[in-house]
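So the sequences go chain by chain: A and B. Following full-length UniProt numbering, the numbering of the first sequence begins with 1 at its first residue and continues without gaps. Following full-length UniProt numbering, the numbering of the second sequence begins with 1 at its first residue and continues without gaps.
2 protein chains.
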Amino acid sequence: MRNVFMTVSYDGTNYYGFQTQPGGNTIQDHLEAAIVHLTGEVVKIHGSGRTDAGVHAREQPFHFSTSSLIPLERWRLALNGRLPSDIRVTEVREVPMDFHSRRSAKRKTYRYSINGNRVPDVFQRNLQYHHPGKLDLSAMREGLKYIVGTHDYTSFASRRSTKTSHVRTIYEAQMVVDTSSDYPGTHEQGIIHFYITGNGFLQHMVRIIMGTLLEIGEGKRRPEDMGNILEKKNRMAAGPTAESKGLMLWKVEFNEEVLLLNSEIADE
Amino acid sequence: MRNVFMTVSYDGTNYYGFQTQPGGNTIQDHLEAAIVHLTGEVVKIHGSGRTDAGVHAREQPFHFSTSSLIPLERWRLALNGRLPSDIRVTEVREVPMDFHSRRSAKRKTYRYSINGNRVPDVFQRNLQYHHPGKLDLSAMREGLKYIVGTHDYTSFASRRSTKTSHVRTIYEAQMVVDTSSDYPGTHEQGIIHFYITGNGFLQHMVRIIMGTLLEIGEGKRRPEDMGNILEKKNRMAAGPTAESKGLMLWKVEFNEEVLLLNSEIADE
Numbered sequence: 001m002r003n004v005f006m007t008v009s010y011d012g013t014n015y016y017g018f019q020t021q022p023g024g025n026t027i028q029d030h031l032e033a034a035i036v037h038l039t040g041e042v043v044k045i046h047g048s049g050r051t052d053a054g055v056h057a058r059e060q061p062f063h064f065s066t067s068s069l070i071p072l073e074r075w076r077l078a079l080n081g082r083l084p085s086d087i088r089v090t091e092v093r094e095v096p097m098d099f100h101s102r103r104s105a106k107r108k109t110y111r112y113s114i115n116g117n118r119v120p121d122v123f124q125r126n127l128q129y130h131h132p133g134k135l136d137l138s139a140m141r142e143g144l145k146y147i148v149g150t151h152d153y154t155s156f157a158s159r160r161s162t163k164t165s166h167v168r169t170i171y172e173a174q175m176v177v178d179t180s181s182d183y184p185g186t187h188e189q190g191i192i193h194f195y196i197t198g199n200g201f202l203q204h205m206v207r208i209i210m211g212t213l214l215e216i217g218e219g220k221r222r223p224e225d226m227g228n229i230l231e232k233k234n235r236m237a238a239g240p241t242a243e244s245k246g247l248m249l250w251k252v253e254f255n256e257e258v259l260l261l262n263s264e265i266a267d268e
Numbered sequence: 001m002r003n004v005f006m007t008v009s010y011d012g013t014n015y016y017g018f019q020t021q022p023g024g025n026t027i028q029d030h031l032e033a034a035i036v037h038l039t040g041e042v043v044k045i046h047g048s049g050r051t052d053a054g055v056h057a058r059e060q061p062f063h064f065s066t067s068s069l070i071p072l073e074r075w076r077l078a079l080n081g082r083l084p085s086d087i088r089v090t091e092v093r094e095v096p097m098d099f100h101s102r103r104s105a106k107r108k109t110y111r112y113s114i115n116g117n118r119v120p121d122v123f124q125r126n127l128q129y130h131h132p133g134k135l136d137l138s139a140m141r142e143g144l145k146y147i148v149g150t151h152d153y154t155s156f157a158s159r160r161s162t163k164t165s166h167v168r169t170i171y172e173a174q175m176v177v178d179t180s181s182d183y184p185g186t187h188e189q190g191i192i193h194f195y196i197t198g199n200g201f202l203q204h205m206v207r208i209i210m211g212t213l214l215e216i217g218e219g220k221r222r223p224e225d226m227g228n229i230l231e232k233k234n235r236m237a238a239g240p241t242a243e244s245k246g247l248m249l250w251k252v253e254f255n256e257e258v259l260l261l262n263s264e265i266a267d268e
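As structure tokens, this is what we get:
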């Protein structure tokens, strides 16, 4: 048996999230079907975490055990040939048997993207939340600071969360304004990207943080309200859950050593 | 009556090109339907030119006459609310009655984009032709130079072209290699954009130029063959027609004065 690690990139617009659902049509379902088709072996893959319906991933790790003898350098093209064009395996390697995509993960980064220009970009329409109204970006940047640190994030978690602890650590939270787009129309506000890195995230956490920050940007709340909301540990205290399409799992980081297999990396 | 000028941006993946076809589902059909829905007035719009099925436009101008009294500043949002999300009106203004989107156009620029990286970018999958194999980029850059100037482009035109003259002028042709993408995977070749500006283009012209340049990049032809192909004035001499999805109408330029209405511009 081998423990195979892969990363997958997907446009989540047409899927019900990463993890298998009774109704099917998830990223996991498509990956497992492609693996069965390639190897004849039924496998269960383990992702670094879930993503909601409509959420994208630039780079999501998963792993699975296989007895297939197909050389690793053939897997990427072989699987991509069997996957829909909006799901692509980007990397394949063998890892130690005790590696686990979720438990071995050290840092996860999500990106949320807001298009603040007047005209939505048709080419990015599924990847950006369009907010042409004026946003107070410096207030949003100020509010964002409050979520960094180790906190109980109950106020920013779905009420359906089943986790016993809502304590997580956010290591970094950055707002980057990109006005370099060559898309036509006015560019007063540009594209506003939020990068949030933590040791883990609760259900809807980034989207509720973003929904609350948008209310700060619209002047409905003040930046310091973010701190008060955290303290209340009550979902009712925060703003709405922002649209899923602006959210992308950006990257998942591991300690290098957990990925190393006898210092031999089977990359492509 | 007013002569209304608009620019439209579209992801052409799901459409049969700009111009009305018997089967419907063209950009023109959707625009005209949205205008009828808004004004109750049946209009015929005139584009700056045709685009093939699957070809995109960043900025395509069109115009039409209307007796509607709806203020121009309301048109963009009102039409966009009635259009599919992959078609967006980006600009609206009134122009002199003798302005014509095609006849008044001075320069048109097309962009063709090749993804030369090993892994296709799922987020750009409909906008890039994926060519992971090694390309000789300096040979392609060299071959591109031959198409600049005033020539009979019969070799680079569809045999179905019904134009009486195949003489056109290409003012500029540039190759720009972008290796700045943050998409995962290796980036040996990057994204290769070709910008071609001329006074007009024959059917399939940019795509046949690109199909031929790709053969030069693959070492199947030499750069100087581009000149020989032009001289032959025979479609058989050139390479295949490159895939439509990499092509985008980038911009159409006019002399400023033809757009001016009593020095009063009704922009939004």
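Note that beta-carbon positions come from the ideal geometry of N, C-alpha and C, so glycine has one too.
Residues of the region 102 to 119 of chain B in Cβ contact with chain A at a cutoff of 9 Å, in chain order, please.
Arg118, Val119
Could I get the ranges of all uninterrupted alpha helix (DSSP H) runs contained in the UniProt domain "Pseudouridine synthase I TruA alpha/beta" (8 to 101) of chain A, with 4 residues as the minimum, in chain order?
27 to 39, 72 to 80
Three-state secondary structure (DSSP) of Arg111/A
The residue given as residue 111/A occupies position 111 in the first sequence. Reduced to three states, the DSSP call for Arg111/A is strand.
For a test of the three-state rule: what should DSSP assign to Glu188/A, helix, strand or coil?
Position 188 of the first sequence holds residue 188/A. Coil, per DSSP.
Integer-rounded CB distance, given that Asn126/B should sit under 8 Å from Thr13/B:
The residue you call residue 13/B lines up with position 13 of the second sequence. The residue you call residue 126/B lines up with position 126 of the second sequence. The pair is a contact, with the Cβ atoms about 4 Å apart (cut-off 8 Å).
Excluding the five sequence neighbours on either side, which residues of its own chain have a C-beta within less than 7 Å of the C-beta of Glu264/A, listed in chain order?
Numbered from its first residue, the first sequence carries residue 264/A at position 264. Note that Glu264/A scores 49 on pLDDT, short of 50, meaning its location in the model is unreliable and no value can be drawn from it.
What is the DSSP secondary structure of Ala237/B, reduced to helix, strand or coil?
Stepping through the second sequence from its first residue, residue 237/B is reached at position 237. If DSSP states are grouped into helix, strand and coil, Ala237/B belongs with the helices.
Going by CA-CA distance only, name the one from Phe123/B, Tyr112/B, Pro96/B, Leu79/B that's closest to Thr90/B.
By one-based count along the second sequence, residue 90/B stands at place 90. Checking every option, the nearest Cα to that of Thr90/B belongs to Leu79/B.
Extent of the continuous alpha helix (DSSP H) to which Lys134/B belongs:
Walking along the second sequence from the start, residue 134/B turns up at place 134. Note, Lys134/B: premise wrong, no alpha helix (DSSP H); not H, not E.
Could you spell out where the alpha helix (DSSP H) holding Thr212/B opens and where it closes?
Start at 1 with the first residue of the second sequence, and residue 212/B comes out as number 212. Thr212/B -> alpha helix (DSSP H) spans 205 to 217.
Tyr153/A vs His166/A beta-carbon contact at 8 Å:
Translated into positions along the first sequence, residue 153/A becomes position 153. Translated into positions along the first sequence, residue 166/A becomes position 166. The answer is yes: Cβ separation under 8 Å.
Find the residues of chain B that neighbour residue 272/A, judging by a C-beta separation of less than 8 Å, and give them in chain order.
Residue 272/A is absent from the structure shown; chain A starts at 1 and stops at 268.
Can you check whether the C-beta of Glu86/A is within less than 8 Å of a C-beta belonging to chain B?
Walking along the first sequence from the start, residue 86/A turns up at place 86. For clarity, residue 86/A is Asp in the given sequence; the question names Glu instead. Yes, because at least one Cβ of chain B sits closer than 8 Å to the Cβ of Asp86/A.
Kindly indicate if chain B contains any beta-carbon less than 8 Å away from that of Tyr10/A.
Here residue 10/A refers to the residue found at position 10 when the first sequence is read from its first residue. So, interface residue.
What residues in the region 122 to 139 of chain B bring their beta carbon closer than 7 Å to a beta carbon of chain A?
Val122, Phe123, Arg125, Leu127
In this structure, does DSSP put Gly3/B in helix, strand or coil?
Locating residue 3/B in the second sequence gives position 3, counting from the first residue. It is Asn, not Gly, that sits at residue 3/B in the sequence shown. In the structure shown, Asn3/B sits in a strand (DSSP, three-state: E or B).
Leaving aside the five residues before and after Val258/B along the sequence, list all residues of the same chain whose C-beta is less than 6 Å from its C-beta, in chain order.
As a first step, residue 258/B is located in the second sequence; it is residue number 258 there, counting from the start. Taken in chain order, the residues that qualify are Phe99, Ser104.
Let me know if Glu59/A comes out buried or exposed under the rule of 16 or more other beta-carbons within 10 Å of its beta-carbon.
Position 59 of the first sequence, counting from 1, holds the residue named residue 59/A. Buried, because 16 or more other Cβ atoms sit within 10 Å of the Cβ of Glu59/A.
Leaving out five residues before and five after Asp267/B in sequence, what residues of the same chain have Cβ atoms less than 8 Å from its Cβ?
Translated into the one-based positions of the second sequence, residue 267/B becomes position 267. Unreliable placement is indicated for Asp267/B, whose pLDDT of 47 sits below 50; the coordinate value is still reported in the next sentence. Cβ within range, chain order: Glu91, Val92, Arg93.
Can you tell me which of the three DSSP states Lys106/A falls into?
Position 106 of the first sequence, counted from the start, is the residue given in the question as residue 106/A. Of the three classes helix, strand and coil, the one that applies to Lys106/A here is strand, per DSSP.
Pick helix, strand or coil for Asp178/B, following the three-state DSSP scheme.
The count along the second sequence starts at 1 and reaches residue 178/B at position 178. Correct three-state label for Asp178/B: strand.
Cut-off 8 Å between Cβ atoms - residues of its own chain near Ser181/A, not counting five sequence neighbours on either side
Along the first sequence, one-based indexing puts residue 181/A at 181. Contacts found: Asn117, Asp121, His187, Gly190, Ile191.
DSSP three-state label for Lys232/B, please.
Translated into positions along the second sequence, residue 232/B becomes position 232. Lys232/B falls in the helix class under three-state DSSP.
Distance check for Arg168/B and Met205/A, CA to CA, integer angstroms please.
Residue numbering aside, residue 205/A sits at position 205 when the first sequence is read from its first letter. Residue numbering aside, residue 168/B sits at position 168 when the second sequence is read from its first letter. Cα to Cα, Met205/A sits roughly 57 Å from Arg168/B.
Using a beta-carbon distance below 8 Å, is Gly17/A in contact with chain B?
For this step, residue 17/A is matched to residue 17 along the first sequence. Chain B, which has no Cβ nearer than 8 Å to the Cβ of Gly17/A, makes this no.
As a quick exercise: from Pro223/B, Asn234/B, Gly246/B, Phe201/B, pick the residue whose alpha carbon is nearest that of His193/B.
Within the second sequence, residue 193/B is the residue found at index 193, counting from 1. Closest option to His193/B, Cα to Cα, is Gly246/B.
Looking at the ligand PLP, does it come within less than 7 Å of Arg82/A, judged from the CB to the closest heavy atom?
The ligand PLP is not part of the structure shown, which contains no ligands of any sort.
Under the three-state reduction of DSSP, which class applies to Phe254/B: helix, strand or coil?
Taking the second sequence and counting its residues from 1, the one referred to as residue 254/B is at position 254. Strand.
Of the choices Thr164/B, Arg207/B, Arg107/B, whose alpha-carbon is the least far from that of Glu253/B?
Here residue 253/B corresponds to residue number 253 of the second sequence, with the count starting at 1. The shortest Cα separation from Glu253/B among Thr164/B, Arg207/B, Arg107/B belongs to Arg107/B.
Of the residues that make up the region 49 to 76 of chain B, which ones have a beta carbon closer than 7 Å to any beta carbon in chain A?
Arg58, Glu59
Minimum Cβ-Cβ distance from Ala266/B to chain A less than 8 Å
Indexing the second sequence from 1 puts residue 266/B at position 266. Since pLDDT at Ala266/B reaches only 46, below the 50 mark, its modelled position is unreliable, and the value read off the structure follows with that caveat. No, no contact with chain A.
Would Leu261/A and Val95/A be called neighbours here (beta carbons separated by less than 8 Å)?
As a position in the first sequence, residue 261/A is number 261, starting the count at 1. As a position in the first sequence, residue 95/A is number 95, starting the count at 1. Taking 8 Å as the Cβ cut-off, Leu261/A and Val95/A qualify as a contacting pair.
Let me see if you follow: with CB-CB separation under 8 Å, is Thr20/A close to chain B or not?
Working through the first sequence from its first residue, we reach residue 20/A at position 20. Chain B, which has no Cβ nearer than 8 Å to the Cβ of Thr20/A, makes this no.
Against chain B, with Cβ distances strictly below 8 Å, would Glu256/A count as a contact?
By 1-based counting over the first sequence, the position of residue 256/A is 256. No, its Cβ sits nowhere closer than 8 Å to a Cβ of chain B.
Which of the three DSSP states is assigned to Arg168/B in this structure?
By one-based count along the second sequence, residue 168/B stands at place 168. Reduced to three states, the DSSP call for Arg168/B is strand.
Name, please, each residue of chain A whose Cβ falls closer than 8 Å to the Cβ of Glu172/B.
Position 172 of the second sequence, counting from 1, holds the residue named residue 172/B. Neighbours of Glu172/B on chain A: none; closest Cβ ~17 Å, over 8 Å.
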